[in-house]
RNA sequence: GCCGGUAUCGUCUAGGGGUCAGGACGGGUGGUUCUCAGCCAUCAAACCGGGGUUCGAAUCCCCGUACCGGUACCA
């Protein structure tokens, strides 16, 4: 029997990174063993569920590259995959149990009669786990409004859909005996269970909005690459048993085991995600990088078709300058600014530190004139000219460099000044130096 | 409170009766240098505590402690 796994989100919010990781583990296991990955929408809580949320979840999964074999949009032999469309099925199941004397009516609701004894199961992550049934109350399976509770719908669906492995969050571990009891009551064999540790914030509290972004698509917005998030999430709470960390989707599939999942909760370390993202960004070839940047370039108003045509070589050089410093696609866009538009102001601290020396406007004009008269406009020549000029004027090269950087970018930090000058080009560079010189004179 | 789970550097983790307890992120220092980043070199940093078992325990057992989760006609 080939394994059948499922991810069963409740569409009461967007795809959370914790949910995404659960989906990821299920997907990894299914792909590793040639099984089936099912997506089932647990929308029995009609008030809190919406189509917008459903499509948000699908988008998040698709963006991460997690595809499903059965479920919304693709359907399958056990359709429908929305619990809201299976309500009658749950009612029948609850009445079945009632008829068999395994459940009882209570105030219009139906409760499962928990038998005496002990309920045990073997968790692939935690090992054997036992609960005394006396600690489990006769729990409701069908509400008085005839809607199923989570316990009922989950078990009925897992039976109907022939789910063989349930990989879910640790928070379900104490629900599991209830589910095991239900599987038995329905005459079914419970699936194998694997409860994965929860994702926490840096303060070891359950990850929530106050820790920062928790939605998968929020990371997309911030300029993270799906393959980076995928890799990072896969290794959160799971060890491959080796020192390798940069692992492709396929490598992750090949190495995935339930036993490698660790028992304790895992802190979501944004810094590590940044590192992964940077690594993946660095591995993108030029055209791929440009393609990934495209939408954002358009939004910023920087895009022109020549960037992938006549100006491609220039653009590739610019990107090369930014690669060591941009950790996200958004940072690329930020740092790309001086290559597309003139500075719209000057960093205040920079002005104080680097422009307050008297005569700076004059030095800047002198440099501007030198550059205007220079034969070529390449980094090495520009550097040589600047240093010579600084020396002739009794100025430290650094001082002139910093002032020129402010003129060119408006900022105190940027890639190497001379490389930037070369790529910004003579006309724009001279204009910006003029402008700062005028600005300084006007201010004085 | 009760039930369940977990415990290795700050973080993610490897390992697991005898190891210099390994890697990565982050951090420190030095170098490269016009700033930042990067890069190179280098350093610091952990087996929750207490009892056992054993020639030997971080590893096995017990007891604590801490943390997390559950304790709904939420999922």
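Numbering (our numbering), first residue to last: 3 to 446.
Note that CB positions come from ideal geometry on N, CA and C, so glycine has one too.
In this text the structure is predicted, and so the values were computed from the model without any measurement.
Residue from the options whose Cα sits closest to the Cα of residue i
i: residue 475; options: 366, 388, 40; result: Look at the range of the chain in this structure, 3 to 446, and you will see that residue 475 is not part of it.
i: residue 467; options: 368, 417, 353, 342; result: Outside the displayed span of the chain (3 to 446) sits residue 467, for which this structure offers no information.
i: residue 410; options: 400, 223, 436, 374; result: 436
i: residue 158; options: 100, 102, 85; result: 85
i: residue 73; options: 83, 65, 374; result: 83
i: residue 374; options: 432, 91, 124; result: 432
i: residue 145; options: 231, 46, 203; result: 46
i: residue 265; options: 175, 313, 207; result: 175
i: residue 278; options: 225, 302, 318, 303; result: 225
i: residue 261; options: 230, 197, 299; result: 197
i: residue 115; options: 169, 212, 52, 104; result: 104
i: residue 131; options: 378, 120, 140; result: 120
i: residue 393; options: 365, 419, 379; result: 365
i: residue 27; options: 296, 238, 3; result: 238
i: residue 1; options: 310, 309, 280; result: No answer is possible for residue 1: it lies beyond the span of the chain, which begins at 3 and ends at 446.
i: residue 351; options: 381, 397, 405; result: 405
i: residue 298; options: 308, 282, 336, 314; result: 336
i: residue 36; options: 3, 23, 397; result: 3
Cα-Cα separation, residue i to residue j
i: residue 426; j: residue 340; result: 8 Å
i: residue 1; j: residue 151; result: Any answer about residue 1 is impossible in this case: the structure gives the chain only from 3 up to 446.
i: residue 305; j: residue 244; result: 43 Å
i: residue 19; j: residue 235; result: 8 Å
i: residue 63; j: residue 221; result: 13 Å
i: residue 8; j: residue 40; result: 4 Å
i: residue 272; j: residue 162; result: 39 Å
i: residue 358; j: residue 214; result: 39 Å
i: residue 344; j: residue 429; result: 12 Å
i: residue 12; j: residue 270; result: 22 Å
i: residue 263; j: residue 252; result: 18 Å
i: residue 216; j: residue 209; result: 7 Å
i: residue 118; j: residue 49; result: 36 Å
i: residue 228; j: residue 329; result: 14 Å
i: residue 201; j: residue 267; result: 6 Å
i: residue 363; j: residue 383; result: 22 Å
i: residue 147; j: residue 185; result: 23 Å
i: residue 446; j: residue 369; result: Any answer about residue 446 is weak, because its pLDDT of 47 lies below 50 and its placement is not dependable; what the coordinates show is given next. Answer to the nearest angstrom: the Cα atoms are 20 Å apart.
i: residue 323; j: residue 338; result: 10 Å
i: residue 399; j: residue 284; result: 32 Å
i: residue 113; j: residue 29; result: 34 Å
i: residue 51; j: residue 44; result: 9 Å
i: residue 192; j: residue 70; result: 22 Å
i: residue 274; j: residue 247; result: 11 Å
Classification of residue i by the beta-carbon crowding that lies within 10 angstroms, buried from 16 upward
i: residue 290; result: exposed
i: residue 180; result: buried
i: residue 421; result: buried
i: residue 137; result: exposed
i: residue 122; result: exposed
i: residue 439; result: buried
i: residue 155; result: buried
i: residue 106; result: exposed
i: residue 295; result: buried
i: residue 170; result: buried
i: residue 2; result: Limits of the chain in this structure are 3 at one end and 446 at the other, which puts residue 2 out of reach.
i: residue 77; result: exposed
i: residue 108; result: exposed
DSSP state of residue i mapped onto helix, strand, coil
i: residue 44; result: coil
i: residue 135; result: helix
i: residue 422; result: helix
i: residue 198; result: strand
i: residue 82; result: coil
i: residue 72; result: strand
i: residue 168; result: strand
i: residue 240; result: strand
i: residue 9; result: strand
i: residue 267; result: coil
i: residue 279; result: helix
i: residue 285; result: helix
i: residue 188; result: coil
i: residue 39; result: strand
i: residue 327; result: coil
i: residue 177; result: coil
i: residue 397; result: coil
Residue(s) in a DSSP beta bridge with residue i
i: residue 150; result: 144
i: residue 28; result: In DSSP, residue 28 forms no bridge with anything.
i: residue 113; result: 106, 142
i: residue 122; result: 132
i: residue 18; result: 217
i: residue 208; result: 202
i: residue 77; result: 73
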